[in-house]
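Trainee: Residues 1 to 478, numbered by full-length UniProt numbering, are exactly what the sequence shown covers, in order. We put the beta carbon where it would ideally sit given N, CA and C, even for glycine. A quick note: this is a predicted structure, and the numbers were derived from the prediction, not measured.
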Amino acid sequence: MVTTLEYPLTKILISHIFIQLLATAQGNTQFIYNDFKGSINNLHLDGLAQIHKNGLLQLTDFTLLKTSHAFYSNPINFDRDHLSFSTTYVFAMHPQIANHSTHGIVFVISPSLNLYNTTLAQEYLGLFNSSSNGLNSNHIFGVELDNQQNAVFQDMDDNHVGIDVNSLISVYADSASYYSDKEKVRKILRLNSGKPMQVWIDYDGVEKSINVTIGPIDETKPSKSLLSKHLDLSTILLDSMYIGFSSSSGLLSTSHYILGWSWNQSGPAQHLDPSKLPSLPNFRTHRSRFNQVITGVMLSILSLAVFMIGGVVWVIRRKRYEELEEAWEQVYAPHRFSYKDLLTATKGFRNSELLGVGGFGKVYKGVLPSTGMLVAVKRVSHDSRQGMKEFLAEVASMRRLTHRNLVQLLGYCRRKGELLLVYEYMIHGSLDKFLFTKDEKSKLCWFQRFKIIRSIASALLYLHEEWERRHPPRCQGK
């Protein structure tokens, strides 16, 4: 017979057992998603995150500088008796440009599932911002799969797995690789290869140890972990936390995917079934479209560049051959040579064509391209515009001079601050060669010298008296 004293004790004992069982049930959250078709009510998505019709969870697309998150909607109990957990998931990273991806994916345990408005993209992976990174008050644990090497966060390379506690400076990290039990060697994995890969994260709250393992989806879980470290999360994990994934895009486009996810707090996470996982998009189609766009853009840029270069070359060539010509010069047009013709005639005023240097400039031998006529071209420096009109008038007048002892002036060319005079070419050279030669055989006798003096005098007489009588100067009255 039960006494009245024993009955309340029995009720208290039963109530205590019920509360313990309820707490244990609440602390032993477990689930498995071989796809995410029916999980829309159980997941909290933000940013670029979306679920495809086939159940594929996409975190980021080819949009630049964005963040995204996918959290299990219900909070997880992490009291002191339920710190242990085991999770596994299958992911894939597909860069738009092969082997050139940006940032990565983080499995995260956070006190809040509303990180979208308080975190940054790019190197911050949607977890922190510039002021919150490293704060003890964050209470954030994460395992990052990162494709970028950032010196600020002391990243070891651009293909690593890291364990993060309140900061993106990982407490432990290693290059992405897995141990092949078949070949007994460790093999490198490229996180951004576009191929599905699986991650296992196992934490023992009693031993305070964590093991992170990664491997190809078509192989069983490797016997050796990539990271196996001592880690105390008792001060990091609060009683109520949220679990999920964070991702971000940068200046290079990369799509991040989660194909399946399993979680357990009372033992190892259930195995994902590869045959039930959703398929990834046809990357070749996306790459083909992207290549078409890139090709079109590159061809447009190339065409524009060719057009601009052609324009620059045309302007340079035009300026190179540009000549000064004013309205008043029309009178002397028949006696004008183009600069381009004179440049061609003298081979670009090459030193090999130089005949001599005088007080007013250098004289070059030339062959006119239009007629093949031999000429002598004198480059006269004329920095001042003052008197140019009068000087050209004199040049035009000199062209009308005809005397057998005077070199015939054929015309002129004016370009920038330079005047070029074109003369008849004297095949025997300058008179000073004969007057001052040291060759005894070539020395002139007195009869020859007298004849030269008389010829010069005849030319001077023609210039000063006879030509003026034939062509009197024109005067204008005022």
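Where does residue 47 fall in DSSP's three states?
Mentor: Under the three-state reduction of DSSP, residue 47 is assigned to strand.
Trainee: Starting from residue 434, follow the alpha helix (DSSP H) in both directions and report where the run begins and ends.
Mentor: 432-435
Trainee: Taking the straight line between their C-alpha atoms, what separation do you get for residue 531 and residue 150?
Mentor: Because the chain in this structure spans residues 1 to 478, residue 531 falls outside the shown range and cannot be described.
Trainee: Give the single residue among 165, 143, 116 whose Cα lies nearest to the Cα of residue 135.
Mentor: 165
Trainee: Determine whether the Cβ of residue 421 lies closer than 8 Å to any Cβ atom of chain C.
Mentor: Although the question refers to chain C, the structure presented lacks it and comprises just one protein chain.
Trainee: With H, G and I counted as helix, E and B as strand and the rest as coil, what does DSSP make of residue 61?
Mentor: coil
Trainee: Taking its Cβ as the centre, do 16 or more other Cβ atoms sit within 10 Å of residue 430, making it buried, or is it exposed?
Mentor: When all chains shown are included, residue 430 counts as exposed.
Trainee: For the beta strand (DSSP E) containing residue 201, list its first residue and its last residue.
Mentor: 197-204
Trainee: Quick check on residue 444: buried or exposed, where buried means 16 or more other Cβ atoms within 10 Å of its Cβ?
Mentor: exposed
Trainee: Which residues in the same chain have their Cβ closer than 6 Å to the Cβ of residue 366, if we skip the five residues on either side of it in sequence?
Mentor: 345, 346, 375, 377
Trainee: Is the Cβ-Cβ distance between residue 339 and residue 354 less than 8 Å?
Mentor: Result no, Cβ atoms of residue 339 and residue 354 do not sit closer than 8 Å.
Trainee: Report the option in 223, 74, 258 whose CA atom is closest to the CA atom of residue 145.
Mentor: 258
Trainee: Is the beta carbon of residue 122 closer than 8 Å to that of residue 103?
Mentor: yes
Trainee: Considering only their Cβ atoms, is the gap separating residue 147 from residue 197 smaller than 8 Å?
Mentor: no
Trainee: Output the residue ranges of the alpha helix (DSSP H) runs that lie fully inside the stretch 141-211 and measure 4 residues or longer, sorted by chain position.
Mentor: none
Trainee: Per DSSP, what kind of secondary structure is residue 496 in: helix, strand or coil?
Mentor: This structure does not reach residue 496, given that the chain is present from 1 up to 478, and the question cannot be answered.
Trainee: With a threshold of 8 Å on Cβ separation, who are the neighbours of residue 380 within its own chain once the five nearest residues in sequence on each side are excluded?
Mentor: 360, 361, 418, 419, 420, 421
Trainee: At a cut-off of 7 Å, is residue 247 close to the ligand NAD when judged by its beta-carbon and the heavy atoms of the ligand?
Mentor: The model depicted lacks the ligand NAD and carries no ligand whatsoever.
Trainee: Just tell me which of 237, 439, 427, 455 has its CA closest to the CA of residue 406.
Mentor: With distances taken between Cα atoms, residue 406 lies closest to 455.
Trainee: Going by alpha carbons, who is nearest to residue 86 out of 35, 253, 201?
Mentor: 201
Trainee: Return yes when the Cβ of residue 66 is within less than 8 Å of the Cβ of residue 246, no when it is not.
Mentor: no
Trainee: Look up residue 268 in the DSSP assignment and say whether it is helix, strand or coil.
Mentor: DSSP places residue 268 in coil when its eight states are reduced to three.
Trainee: Along the chain, where does the beta strand (DSSP E) containing residue 490 start, and where does it finish?
Mentor: Nothing about residue 490 can be read from this structure; the chain reaches only from 1 to 478.
Trainee: Just the C-alpha distance for residue 179 and residue 263, rounded to the nearest angstrom, thanks.
Mentor: 23 Å
Trainee: Rounded to a whole number of angstroms, what is the C-alpha to C-alpha distance between residue 308 and residue 300?
Mentor: If you draw a straight line from the Cα of residue 308 to the Cα of residue 300, it comes to about 12 Å.
Trainee: Just verifying my parser: in three-state terms, what is the DSSP assignment at residue 92?
Mentor: strand
Trainee: In this structure, does DSSP put residue 449 in helix, strand or coil?
Mentor: helix
Trainee: According to DSSP, is residue 426 part of a helix, a strand, or is it coil?
Mentor: coil
Trainee: What residues in its chain sit with their C-beta under 7 Å from that of residue 78, if we drop five residues either side in the sequence?
Mentor: 237, 238, 239, 241
Trainee: Could you check which residue in 311, 234, 253 has the C-alpha nearest to that of residue 109?
Mentor: 234
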